[in-house]
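In the numbering used here, the protein residues as written are 797 to 995.
Cβ atoms here follow ideal geometry from the backbone N, Cα and C, with glycine treated the same way.
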Amino acid sequence: MRGTSYRYFAGLEGVITGVLDEFPHVWSKRRELFVLGLIIVCFLGSLATLTFGGAYVVKLFEEYATGPAVLTVVFLEAVAVAWFYGITQFCNDVKEMLGFTPGWYWRVCWVAISPIFLLFVTCSFLSNPPELRLFEYNYPYWTTVVGYCIGTSSVICIPIYMVYRLIITPGTLKERILKSITPETATEIPFGDIRMNAV
């Protein structure tokens, strides 16, 4: 049980750090209020799992909230890094960190095999959702729709942010797309400036 609680704290800290880094002007002096609000939302959201039907709610989350949502996010990350950031630049970054350039096997995996595999697994889940059954109880069909909504809620922020970036970026549509998929800061680091194994 203790190991599980560490995972939750790490997950919450990831959300807290991400929001505070993105909106420092709003939350920098109100960190405690943001953390309190987040904990209250998590508490209220978990109350449904404490009722007599809590095991059924947990089963619904277990089937739909984790697998396809996480795989979709990982697929989008793999495409963003390999195709938009660039496999050559990514390999240069790996060389800076490890001291050697990854071979062709890894490049092919990052560019093609991993995205195709992730897309295949996600599409196969979406085309053939699991039949929900727990304690001899078959879930009604509408729970599949609820499950898809739960899974989509984890992923929907990515396309919303993409559209938001396209709207606020100045220029023609082509210029906005190119600017949106280009790294914001220069990625060239003078060789030797990264200290390995530094504390």
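Under 8 angstroms, do residue i and residue j count as touching if we go by C-beta distance?
i: residue 891; j: residue 884; result: no
i: residue 955; j: residue 940; result: no
i: residue 950; j: residue 861; result: yes
i: residue 837; j: residue 845; result: no
i: residue 810; j: residue 864; result: no
In terms of residues, what are the limits of the alpha helix (DSSP H) holding residue i?
i: residue 975; result: 969 to 976
i: residue 863; result: 863 to 875
i: residue 891; result: 883 to 894
i: residue 829; result: 827 to 842
i: residue 918; result: 910 to 923
i: residue 901; result: 900 to 904
i: residue 823; result: 820 to 823
Going by DSSP in three states, residue i sits in which element: helix, strand or coil?
i: residue 809; result: helix
i: residue 930; result: strand
i: residue 948; result: helix
i: residue 979; result: coil
i: residue 966; result: coil
i: residue 848; result: coil
i: residue 935; result: coil
i: residue 897; result: coil
Determine the closest residue to residue i out of the options, with distance taken between C-alpha atoms.
i: residue 935; options: 859, 818, 834 and 901; result: 859
i: residue 918; options: 978, 806 and 867; result: 867
i: residue 957; options: 840, 976 and 864; result: 976
i: residue 911; options: 821, 968, 879 and 974; result: 879
i: residue 916; options: 849, 963, 871 and 829; result: 871
i: residue 852; options: 942, 973, 969 and 974; result: 942
i: residue 830; options: 841, 842, 815 and 848; result: 815
i: residue 749; options: 821, 824 and 850; result: Because the chain here runs from 797 to 995, residue 749 falls outside it and cannot be looked at.
i: residue 908; options: 959, 841, 876 and 963; result: 876
i: residue 839; options: 813, 808 and 937; result: 808
i: residue 922; options: 902, 933 and 945; result: 945
Measure how close the beta-carbons of residue i and residue j come, nearest whole angstrom, since I'm counting them as under 8 angstroms.
i: residue 874; j: residue 906; result: 7 angstroms
i: residue 928; j: residue 856; result: 7 angstroms
i: residue 965; j: residue 972; result: 4 angstroms
May I ask you to check if the CB of residue i is nearer than 7 angstroms to at least one heavy atom of the ligand GTP?
i: residue 809; result: No copy of the ligand GTP occurs in the structure displayed, which carries no ligand at all.
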